[in-house]
Amino acid sequence: MNIAVLGLPQSGKSTFLKSLLSLSDNDTLPEYCNIKVEDNRLKQVGELLGHDKLTYPEISFTELDILTLNSKNTELKGIDSLQKSYGILLVIKCFEIENYSIITSDINQIITELIVSDTIIIENIIERRLKSSKGKTKQEIEVVNTEIELLNSLKNHLENGSALNSYIFKEGELKKLTGYNLITLKPIFVVLNSDTELIENESNENLTDYSSNFLYPSKIEMELSELTEIESNEFRESLNIDANLKYNLIKALFEGMGKIIFITAGDQEIRAWEIEKGDTALISASKIHSDISNGFIRAEVIEFDTFLKLGSWNECKKEGKVKGNGKEYVVNDGDIINFLHS
25 MNIAVLGLPQ
35 SGKSTFLKSL
45 LSLSDNDTLP
55 EYCNIKVEDN
65 RLKQVGELLG
75 HDKLTYPEIS
85 FTELDILTLN
95 SKNTELKGID
105 SLQKSYGILL
115 VIKCFEIENY
125 SIITSDINQI
135 ITELIVSDTI
145 IIENIIERRL
155 KSSKGKTKQE
165 IEVVNTEIEL
175 LNSLKNHLEN
185 GSALNSYIFK
195 EGELKKLTGY
205 NLITLKPIFV
215 VLNSDTELIE
225 NESNENLTDY
235 SSNFLYPSKI
245 EMELSELTEI
255 ESNEFRESLN
265 IDANLKYNLI
275 KALFEGMGKI
285 IFITAGDQEI
295 RAWEIEKGDT
305 ALISASKIHS
315 DISNGFIRAE
325 VIEFDTFLKL
335 GSWNECKKEG
345 KVKGNGKEYV
355 VNDGDIINFL
365 HS
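According to my numbering, the sequence shown is numbered sequentially starting from 25.
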């Protein structure tokens, strides 16, 4: 799962990513910054079963410098990478500034670039769909026309300065857009790259306009990662910085993209598997291996809290807490599952 990291020049994108990877300022960033989505529930299961090998899902962050229109073809640089990403994270400079109103201005500038990008994408789609309708049956042309009508409505929405995540879709319309990878339909997060002054003034009224923002002092986090744990904790306490800040940020991004986990507890490994909220047992089985989903018999499921209380599969079975579920069972976050298959 990839998140594209965007920001204006000097916003601190690289410092932000280095802080997540616990790199120093002089270290070179890899092309893909892979961060584990650590989950304390996995550690708890590992402790109960005596397993040290814990495998977590990962988020891959990619830094993109795309905020300049390409005058040659009027397309946004890096547009393909944006379309392939699962979500978008904006890093906004909130240090060494005198007027915090610039925060809103910077966010709007980036969102405007993304809106322009989506407008270009939709115009190209409409052009292709019109060409594809030639020689089609009357019924097929009606389907194309319905799709183009929706696309034109989205284009008007964008031209009015609004991102597509604020568009009100009718039932079934979103499904028609599958495969087009429109950028402003993706989850968009804002990291306010802060300093100690902003941390001490968290209630600044300019920060309340964005519900999905994260106050994150990238440079301080990067510097703290170079200290011993004791030294780091002392500095965090003096600066009022949560020791779990990085963990909480990654977890919030994961959940903000509609992701949950289920857990498998094998003989050698405890593993958290990433799925979409609302995914069924069959879809979840396919995440492990196609052989399991193809030969699916049933999913033996224990709720996490129940497993934590009873401590083992055997105890859960004795208490009748292992539930056998079919393919359509909707998996809950943290379910511990054993898939039976042919």
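Note that the Cβ used here is the ideal one computed from N, Cα and C, for glycine as well.
Residue burial classification, S308 (beta-carbon count within 10 angstroms, cutoff 16): buried
Span separating the alpha-carbon of E55 from that of E87: 8 Å
Same chain only: Cβ atoms within 6 Å of L239, ignoring 5 sequence neighbours per side: L216 and S218
Per DSSP, cross-strand counterpart(s) of K351: DSSP output for K351 lists no bridge partner at all.
Check whether I112 and I212 have beta carbons under 7 Å apart: yes
Sufficient close CB pairs (3 or more, under 8 Å) joining the segment 349-365 to the segment 318-326: Segment contact: the segment 349-365 against the segment 318-326, three or more CB-CB distances shorter than 8 Å; contact assigned.
Option nearest N50 by Cα separation, candidates S317, F328, E166 and T39: T39
Sequence-distant residues of the same chain with beta carbon closer than 6 Å to K37, five excluded per side: Cβ within range, chain order: V29, G31, E87 and V115.
Among S35, Y204 and L174, nearest to C118 - alpha-carbon criterion: That would be S35, whose Cα lies nearest to the Cα of C118.
Close beta carbons around G70, own chain, < 6 Å, minus the five adjacent residues each side: Same-chain partners within the cutoff: L78 and I294.
Environment of P241 [buried if 16+ CB atoms lie within 10 Å]: Classification for P241: buried.
Selection from N184, L73 and I207 that minimises the alpha carbon distance to S105: I207
Segment limits, alpha helix (DSSP H) that includes A276: L269 to G280
Touching by the beta-carbon criterion (3+ pairs, under 8 Å), the segment 145-164 and the segment 196-206: yes
CB contact flag (I165, S157, <7 Å): yes
Same chain, Cβ closer than 7 Å to S256, neighbours up to 5 away in sequence not counted: L248
Residues sharing a beta bridge with H365, DSSP: F320
As assigned by DSSP and simplified to three states, the class of G74: coil
When K301, L251, E327 and L269 are compared against M281, the one with the closest alpha-carbon: K301
Inter-residue Cα distance where the pair is I360 and F331: 8 Å
Beta carbon of D142 nearer than 7 Å to that of L182: yes
Secondary structure of S84, DSSP reduced to three states: In the structure shown, S84 falls within a strand segment according to DSSP collapsed to helix, strand and coil.
Span separating the alpha-carbon of L277 from that of I103: 22 Å
Sequence-distant residues of its chain with Cβ nearer than 7 Å to K200 (five each side left out): E171 and L174
Whole-angstrom distance between E120 and I223, CA atom to CA atom: Legend: pLDDT at I223 = 48, less than 50; position of this residue unreliable, no value from coordinates given.
Span separating the alpha-carbon of K210 from that of V140: Rounded to whole angstroms, K210 and V140 show a C-alpha spacing of 15 Å.
Of the residues K179, R153 and N180, the one placed nearest V167, counting alpha carbons only: Minimum Cα-Cα distance from V167 among the listed residues K179, R153 and N180 corresponds to R153.
Check whether I316 and H365 have beta carbons under 7 Å apart: yes
Residues of its chain near I335, where Cβ-Cβ distance is below 7 Å and the 5 sequence neighbours each way are ignored: Correcting the residue type first, residue 335 is Gly in the shown sequence and not Ile. The answer, listed in chain order, is L72.
Cβ separation of V61 and I83, assumed to be a contact under 8 Å, to the nearest whole Å: 6 Å
Under 7 Å between C-beta atoms of F259 and V355: no
Range covered by the beta strand (DSSP E) that runs through K186: The sequence as given places Ser at residue 186; Lys does not occur at that position. That residue, S186, is in no beta strand (DSSP E); it is neither H nor E in DSSP.
Where N237 falls: helix, strand or coil (DSSP): strand
Beta-carbon proximity list for G358, same chain, < 6 Å, skipping 5 on both sides: R65 and F328
Helix, strand or coil at F259 according to DSSP, with G and I counted as helix: Three-state result, F259: helix.
7 Å Cβ cutoff met for Y80 and M25: no
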